[in-house]
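Below is one structure, written out as structure tokens; comments come after it.
Residue numbers (this note's numbering): 163 to 384.
In structure tokens form, the structure reads like this:
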């Protein structure tokens with residue numbers, strides 16, 4: 163059963179701010195999708211300046227005002243379309259689970275540094291392992307930490323150089339647990355992964371177990 167209405171429109175770059183403001187006023191949250199050219203490891207290669215932009219917002223179907231809000235959004239988009247290149251509003255139903263899994267289509271195996279390889283749990287069969295690879299089996303779920311963010315990649319590269327056998331490591335704000343798991347697989351014998359968000363902490367614990375490092379990584383919510 164659909165639980166949300168997704169309202170979207172394709173606009174020229176100059177209209178993004180105005181459309182997003184209208185969506186934010188009547189909808190719940192705004193998502194903006196730009197065309198980017200990137201490599202399979204997540205590095206952005208190019209963002210075309212004149213490419214159309216997809217703007218989205220969402221309405222809970224159980225909201226008694228959902229239909230009225232949808233009409234307000236359609237009116238606002240129509241009015242903006244008289245001034246800019248703004249497409250008609252497209253509407254489709256969505257389930258909560260659709261959000262949780264749609265991103266997986268774009269998450270591939272990728273290498274970070276010299277040895278570390280991040281392997282999504284659903285792509286394990288596609289991966290060809292090298293003898294000295296440090297493999298991180300990851301399912302970030304709704305937690306931060308896919309390994310694609312520049313800060314995470316830099317930390318993983320630093321860990322390759324700095325972490326050695328017998329060390330103690332603290333991962334504060336562990337998210338998916340990617341850094342804590344990497345530290346354990348690089349030789350750290352006592353790793354503490356601390357995460358304040360209960361959902362992320364649960365994801366972290368699952369990833370720690372999946373990677374076989376539960377004896378070295380302690381996950382704590384707080």
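Just so you know, even glycine gets a beta-carbon here, dropped at the ideal spot from N, CA and C.
Taken atom to atom, the span from the alpha-carbon of residue 328 to that of residue 350 is near 5 Å. Judged by DSSP secondary structure, residue 284 falls outside any beta strand (DSSP E); it is assigned neither H nor E.
Using a C-beta cut-off of 8 Å, the segment 238-252 makes no contact with the segment 267-287, since fewer than three inter-stretch Cβ pairs fall below that distance.
Straight-line measurement puts the Cα of residue 324 at about 27 Å from the Cα of residue 283. Looking at the DSSP output, residue 383 shares a beta bridge with 357. Under DSSP, residue 170 shares a beta bridge with 218, 252. Annotation: the continuous alpha helix (DSSP H) that includes residue 242 extends over 228-243. Leaving aside the five residues that flank residue 289 on each side, the residues in its chain whose CB is nearer than 8 Å to its CB run, in chain order, 271, 279, 281, 297. Annotation note: the segment 326-358 contains the following uninterrupted alpha helix (DSSP H) runs of length 4 or greater, listed N- to C-terminal: 340-347. About 7 Å separates the beta carbons of residue 232 and residue 169, which is inside the 8 Å limit, making them a contact pair.
Taking 8 Å as the cut-off, the beta carbon of residue 192 is found no closer than this to the beta carbon of residue 248.
Nearest neighbour of residue 188 by Cα position, chosen from 222, 196, 212, turns out to be 222.
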